[in-house]
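Note that the numbering used here has the sequence shown beginning at 3, numbered continuously upward. One structure below.
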Amino acid sequence: MDSLQQQAFDNRLILGAGAAALTGILGFATWLYRDYTAWIDFGTGGTPANVSGYVRISKFRVLRAFPGDDLKDAPTLSQTGPRTYPRRFRAAKGSHLESLSAHYHSDTAYDRLHALPKKYADQLSDALKLDKSVTEGRTTDAIYALPAHRHGAHDKVLGDEIAHVHPAENSLHVWLTETDTYKVVSAGWGERFPLASLGMVNAGWTFLYAPRNMEEVAVIEDIFKAGIGHLTGKRL
Numbered sequence: 003m004d005s006l007q008q009q010a011f012d013n014r015l016i017l018g019a020g021a022a023a024l025t026g027i028l029g030f031a032t033w034l035y036r037d038y039t040a041w042i043d044f045g046t047g048g049t050p051a052n053v054s055g056y057v058r059i060s061k062f063r064v065l066r067a068f069p070g071d072d073l074k075d076a077p078t079l080s081q082t083g084p085r086t087y088p089r090r091f092r093a094a095k096g097s098h099l100e101s102l103s104a105h106y107h108s109d110t111a112y113d114r115l116h117a118l119p120k121k122y123a124d125q126l127s128d129a130l131k132l133d134k135s136v137t138e139g140r141t142t143d144a145i146y147a148l149p150a151h152r153h154g155a156h157d158k159v160l161g162d163e164i165a166h167v168h169p170a171e172n173s174l175h176v177w178l179t180e181t182d183t184y185k186v187v188s189a190g191w192g193e194r195f196p197l198a199s200l201g202m203v204n205a206g207w208t209f210l211y212a213p214r215n216m217e218e219v220a221v222i223e224d225i226f227k228a229g230i231g232h233l234t235g236k237r238l
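Structure follows, in structure tokens:
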């Protein structure tokens, strides 16, 4: 192979490598954009809904990938201490409660679930207020404990927010006592919050799976009321 042929061969290799690299970069950029928009649409969990917030939460996702911590495991939570849910949780039916948004068949159950924040803000207007959720980037309604009736644990990230329902998938976040969180997770109604396992949010901040029917909404409402009791001292 003479020098001209060698140069032509080398040029083809360079062009091929460049094309492969460009394809990889474009593919990664496409995935990154879709992941970013999905994060915005789902709710940012209180992180600023911008590129800076996305980078910050992505660092947390990387950190979460290493410990191998199963958020459905309850033993890391305290089983002693204050509790506001008065009864024993029955076990959730089925093992797929975490993916229920596609299984919603009851408009009545949906309406009852999404009405919970306003319902209790109206009933307990002396102790609660309804406002946009700070922890979800103000994308959905939440209930907050009023300062005059503030009770229970404190957390600089959560502030006075008690609970909210996610509009996209009908799940919830509720701030419970750690003992009640243990009961909820053990019974299969929810799981621990990822940032709580890193010590960045109070361990009682609990993710609840979307209920499928009125019977399950009733259980979720009881857990919702336990959150109100935790932050206001009111037993409902």
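C-beta atoms are modelled at their ideal positions from N, C-alpha and C, and glycine is treated no differently.
Nearest-angstrom Cβ-Cβ length linking residue i and residue j, presumed shorter than 8 Å
i	j	result
glutamate 2	serine 127	The structure shown does not extend to residue 2, since the chain is modelled only from 3 through 238, so no value can be given for it.
alanine 129	alanine 147	7 Å
leucine 115	valine 219	5 Å
threonine 234	histidine 153	5 Å
Of the listed residues the options, nearest to residue i (C-alpha basis)
i	options	result
leucine 174	Leu197, His156, Pro149, Trp207	Trp207
alanine 117	Arg237, Leu233, Ile222	Ile222
glycine 139	Ala23, Ala123, Trp41	Trp41
lysine 120	Asp157, Ala150, Val167	Val167
alanine 228	Thr32, Tyr38, Glu180, Pro149	Glu180
valine 203	Gly29, Tyr38, Phe30, Val159	Val159
serine 60	Asn215, Ala189, Leu197, Leu15	Leu197
glycine 201	Asp157, Glu218, Thr234	Asp157
glycine 231	Ala21, Ala165, Ala220	Ala165
Sub-9 Å separation of residue i and residue j beta-carbons
i	j	result
tryptophan 177	alanine 155	yes
isoleucine 225	leucine 238	no
Endpoints, alpha helix (DSSP H) assigned at residue i
i	result
aspartate 1	No statement about residue 1 is possible, as the shown extent of the chain runs from 3 to 238 and does not include it.
leucine 233	216-234
arginine 114	109-116
threonine 137	Taken as a continuous stretch (DSSP letters only), threonine 137 belongs to no alpha helix (DSSP H), as it is neither H nor E.
alanine 51	Looking at the DSSP string, alanine 51 is not in any alpha helix (DSSP H), and its letter there is neither H nor E.
valine 187	180-189
Opening and closing residue of the beta strand (DSSP E) in which residue i lies
i	result
valine 278	Nothing about residue 278 can be reported from this structure: the residues present for the chain run from 3 to 238 only.
aspartate 143	143-147
leucine 160	Per DSSP, leucine 160 belongs to no beta strand (DSSP E) and is neither H nor E.
Between the CA atoms of residue j and residue i - distance to the nearest angstrom
i	j	result
alanine 111	aspartate 182	24 Å
phenylalanine 195	lysine 131	24 Å
glycine 192	tyrosine 122	21 Å
alanine 51	glutamine 9	50 Å
lysine 236	leucine 34	45 Å
serine 188	isoleucine 16	57 Å
serine 97	threonine 137	Because the pLDDT of serine 97 is 43, which lies under 50, any placement of that residue in the model is unreliable, and the number read from its coordinates should be weighed accordingly. Distance between the alpha carbons of serine 97 and threonine 137 is about 28 Å.
proline 169	histidine 151	28 Å
glycine 190	alanine 22	46 Å
tyrosine 56	aspartate 37	9 Å
leucine 28	serine 54	21 Å
phenylalanine 30	alanine 19	16 Å
aspartate 113	proline 149	29 Å
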